Amino acid sequence: MTNAFLQAMAMNSILACFMSLLINAILIYMIWFHSTADLKNYRTFFLIYTAIDVCFTAVILPTHMIFICHDRSIVLVASGFITYFGRRPSQFLATAQMFFNPFSIAIIPCTYIYRYLLICRNIRLRPRYILLLFVGAFFVTLPFLFSSRSFPSATSENVVLFEKMILSTLKLDNIEGYYYVGNSFVRKSTY
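Going by my numbering, the sequence shown opens with residue 55, and the numbers climb by one from there.
Set out below in structure tokens:
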């Protein structure tokens, strides 16, 4: 049985995700159908940004990922309603959320680059260049994603360690109903 804090955080996350989806739907409608001449320069940028936010929210809503890190071991625990569908969907969405976390952060520099070029240099970028900024942000996040998914050590000792980490962090009696993805990072030793 989960503690009350985790249940309150889950309810708060569900409410925030639904509000984010509603606000993004309104924003897409307003940009797509009611954009003014002043907004046309930002139209493509805002639509891409909103689409990424919708994808991020759609992954967070069913997953409720809990990120546990201890002594070079990382465990991503899916604790949302996706766990009713089994192990594979839970692990897939936990990994997808790990992908969207740094990508949503890398978009902020793209926003500043675009605004700098538009306002300070009076350079209006075509939509394909705006897409190029987002592709650049995608490639910036690839090393983070690769490092979080590389060097897996799927041994029985690690499985026991991962389950102990989950049980102690979430204050659970057993791990039933929680699915996780775990990795141990190998530390290179130099002699």
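Positions of the beta carbon are idealized from the N, C-alpha and C atoms, including for glycine.
In this text the structure is predicted, and so the values were computed from the model without any measurement.
Open item on the list: So for ALA58, helix, strand or coil by DSSP?
Closed with: helix
TODO: Would you mind stating whether THR149 and VAL213 have Cβ atoms separated by less than 8 Å?
DONE: no
- [ ] Using alpha carbons as the reference points, say which of GLN151, ASN155, ARG180, LEU187 lies closest to TYR166.
- [x] LEU187
TODO: Determine, using beta carbons only, whether TYR168 and LEU179 come nearer to each other than 8 Å.
DONE: yes
TODO: Run the CB neighbour count on SER144, radius 10 Å, all protein chains shown included, and call it buried at 16 or more, exposed below.
DONE: buried
- [ ] Report yes or no: do three or more beta-carbon pairs, one from the stretch 73–83 and one from the stretch 99–114, lie closer than 8 Å?
- [x] yes
Task: Per-residue burial, TYR183 [other beta carbons within 10 Å of its own, 16 or more giving buried] - done: exposed
Open item on the list: Distance check for LEU69 and PHE146, CA to CA, integer angstroms please.
Closed with: 23 Å
TODO: Starting from ALA132, follow its DSSP beta bridges and name the residues at the other end.
DONE: TYR233
TODO: Note down the Cα distance separating SER74 from HIS124, rounded to an integer number of angstroms.
DONE: 31 Å
Task: CB contact flag (TYR232, ARG141, <8 Å) - done: no
TODO: Might you give, ordered along the chain, the residues of its own chain that have their beta carbon closer than 7 Å to the beta carbon of LEU215, omitting 5 neighbours on each side?
DONE: SER127
TODO: State the Cα-Cα distance for the pair ASN155 and ALA62, rounded to the nearest angstrom.
DONE: 22 Å
Task: From VAL189, LEU185, ILE77, residue whose alpha carbon lies closest to that of ASP107 - done: ILE77
Task: Check whether VAL131 and ILE122 have beta carbons under 8 Å apart - done: yes
Open item on the list: Using the three-state DSSP reduction, which class does PHE205 fall into: helix, strand or coil?
Closed with: Any answer about PHE205 is weak, because its pLDDT of 49 lies below 50 and its placement is not dependable; what the coordinates show is given next. Here PHE205 sits in coil by DSSP.
- [ ] Answer with buried or exposed for CYS71, where buried requires no fewer than 16 other C-beta atoms within 10 angstroms of its C-beta.
- [x] buried
Open item on the list: Helix, strand or coil, according to DSSP, for ILE184 in the structure here?
Closed with: helix
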